[in-house]
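Numbering (UniProt numbering), first residue to last: 1 to 559. For glycine and all other residues, C-beta sits at the position ideal for the given N, C-alpha and C. Note that the coordinates shown come from a computational prediction; the quantities given were computed from them, not determined experimentally.
So, in C-alpha cells, the structure goes:
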C-alpha cells in the first residue's frame with residue numbers, strides 16, 4: 001500500500017502526478033503491454049492446463065487435463081509425415097474408451113511432428129491434445145505412386161511419386177519394398193519387356209498410396225435425404241465421433257490438416273461418386289469443446305457438429321484457400337442446440353459459418369432445429385459466399401441466434417439468410433449486434449429463392465417463415481450494397497429492425513438499400529437511407545412515419 005512506502009504520502013502523490021504528466025506516453029504503452037500479456041495468458045488457459053505462447057528451443061510439456069494421459073508414440077505413432085498412423089490412433093482411442101467415465105477419461109497427446117493418418121473415430125470422455133508444431137495430416141485423396149519397371153528385374157525401378165495437385169509427377173530412381181502389386185499391364189512382371197506399369201500399395205512404413213478408398217463410406221445424413229452432392233453413401237470425416245459425451249479437442253495451437261487439394265480437384269473434374277467428407281464431424285453427441293487449434297484445408301465442410309448439444313468452439317483458426325476450395329465452410333452447426341462459437345479467425349472457400357437444420361422434406365421429417373446459438377468476437381473472410389450464413393438447409397428450423405462483435409473483411413457477402421420454397425421450417429429471433437464490414441460487396445442479405453433441392457419430391461407448399469430479425473450497431477467501409485433483403489409474395493420477411501447503422505459506400509447510386517416484401521422498422525437515423533418498405537421511428541421509439549409500401553420491389557442484382 002502507499003502508506004508503507006518510505007516516502008511520505010503527500011510526497012508520493014506529487015511524485016506520481018509528476019511522473020504521469022512527464023511520462024504519460026510511456027505509462028500508456030506499459031499499460032497496453034501489461035494488459036496484452038494478461039489477455040494472452042487468459043486465452044491460453046484450458047481447463048486445468050495453462051500454457052503461455054512463448055517460443056523456446058524446447059518443447060513445452062503438455063498439460064494433463066484428464067486423470068490418465070498417453071502419448072501417440074506409446075501406441076507406435078511415428079511423426080515423420082510419411083508413416084501411416086491410423087492404427088496408432090485407433091489403439092490409443094481404444095485404450096481411453098476402456099477407462100470410461102468412472103476414471104475421468106483419458107488424454108491423448110500428439111507430440112510435435114507430422115502425423116499422417118486415414119480417418120479414425122473418437123470416444124467419450126476423451127481429450128485430444130495437439131502440441132505446438134504437431135500436425136495431423138489426412139491421407140490425400142489421390143496420393144498415387146506408379147512403378148515403371150524396365151528390364152528383366154525389379155532391383156532398380158523408376159517411381160513417379162506421389163501425384164497430387166501441389167506435387168507434379170517427378171522421376172526418382174530407388175529400390176522399394178512392395179507389400180502388394182496390382183499389375184496394370186497384361187504383361188507379366190517376369191516377362192522381358194521394355195516398360196511395365198504397376199499401381200503400388202505400400203505398407204504402413206511407407207507413404208500410403210491408395211486413393212479416397214482409404215476414407216470409409218457412411219450412410220447419408222437422415223435430414224439430407226439421399227446425399228448432399230451425390231445420391232447414396234458419403235465419405236466419412238477425418239476425425240469422427242457418434243453418440244459421444246464429453247469430448248475435447250485442444251492443444252497449443254497444433255494443426256489438423258485435411259490436405260484437401262486432391263479432393264477439390266476431383267470434385268471440380270466430376271471424378272467423385274460420393275459426397276466428400278468433412279475434416280471433423282461429431283454426431284448425436286453432447287458436451288463438445290474445440291479450442292486452441294488450427295484446422296485447415298478440409299476436403300468439404302471443416303467442422304460439422306450434427307444433432308449435438310452443448311458445443312463450444314473457442315480460439316480456433318480455420319483456413320482454406322479463399323478460391324478454388326469448394327464447400328470448405330468453416331463451422332456448420334447442424335440441428336444443434338446450445339452452441340457457443342467465440343474468439344475465432346476463419347478464412348475459407350465458402351461460408352465461414354453456416355447454421356443448418358436439414359434439407360427440404362427430409363429436414364422437415366427429421367425435425368431437429370438449430371437453436372440457442374451465440375457467435376461472438378470473430379474475424380471472418382469469404383470471397384465466394386458469406387461470413388455468417390443461416391441456411392439454406394434450414395428445414396428443421398433455426399431460432400434464438402445472437403451474432404455480435406463480428407468483423408467481416410474482403411468478402412463477397414457479410415451476413416446472409418438463405419431459404420426457398422420447399423424448405424418449410426423457420427428462421428426467427430435472430431440478433432446481429434456490433435457488426436463491422438470492411439471491403440464487402442454486399443453487407444446484409446436475406447434471400448428467399450435459393451432454389452437448390454435434394455430431388456424433385458419437395459413440397460412447393462412448404463414455405464419457410466422468416467421473422468423477428470434485428471440489426472444493431474452495423475458499421476463499415478468499402479461496401480457496395482449495404483442491404484439486400486429479397487422477400488417474396490409467398491415468403492415475406494416480417495418484423496425486421498434496423499438501429500445504429502452507418503456504412504461507408506463504394507457505389508454512389510440510389511437504391512443500394514434494396515428491399516422486397518419486407519415489413520419492419522428503422523429506429524433513429526441510419527446511413528444509407530433505408531428503403532421505403534420500413535416504418536420510421538425516432539430514437540425514443542415513437543412512430544414518425546408508417547410505411548405504405550411494404551411489398552415494393554427494389555432489388556437490383558446488377559449492382
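For residue 502, no alpha helix (DSSP H) encloses it; the enclosing beta strand (DSSP E) starts and ends at 493–505. Residue 64 sits in coil when the DSSP states are folded into three classes, being neither helix nor strand.
By the CB criterion at 8 Å, residue 469 and residue 501 fall outside the cutoff. Put simply, the backbone Cα of residue 488 is about 11 Å away from that of residue 555.
Between the beta-carbon of residue 86 and that of residue 117 there is about 5 Å, and that keeps the pair under the 8 Å contact cut. Buried is the label assigned to residue 426, since at least 16 other Cβ atoms lie within 10 Å of its Cβ. Residue environment: residue 328 is assigned as buried (16 or more neighbouring CB atoms within 10 Å of its CB, all protein chains considered). Secondary structure of residue 86 (DSSP, three-state): helix.
Burial is judged here by how many other beta carbons sit within 10 angstroms of a residue's own beta carbon; residue 456 has fewer than 16 and is exposed. Annotation: the continuous alpha helix (DSSP H) that includes residue 361 extends over 360–366. Following the DSSP letters along the chain, one finds residue 399 inside the beta strand (DSSP E) bounded by residues 398–418.
Per DSSP, reduced to three states, the secondary structure at residue 74 is helical. Counted as a single uninterrupted DSSP element, the stretch harbouring residue 264 is not any beta strand (DSSP E) but the alpha helix (DSSP H) occupying residues 261–268. Only exposed fits residue 94, as fewer than 16 other CB atoms lie within 10 angstroms of its CB. Nearest to residue 272 by alpha-carbon distance, out of 217, 222, 283 and 304, is 217. As computed with DSSP, residue 371 is found in a beta bridge with 337 and 399. Within the segment 246–332, the alpha helix (DSSP H) runs of at least 4 residues that lie entirely inside it are, in chain order, 261–268. Taken through DSSP and simplified to helix, strand or coil, residue 549 comes out as coil. Between residue 349 and residue 322 a beta carbon distance of about 6 Å is seen, short of the 8 Å cut, so the two are scored as contacting. When DSSP states are grouped into helix, strand and coil, residue 130 belongs to the strand group.
Straight across, the Cα-Cα distance linking residue 409 with residue 428 is about 26 Å. The bridge partners DSSP lists for residue 344 are 378.
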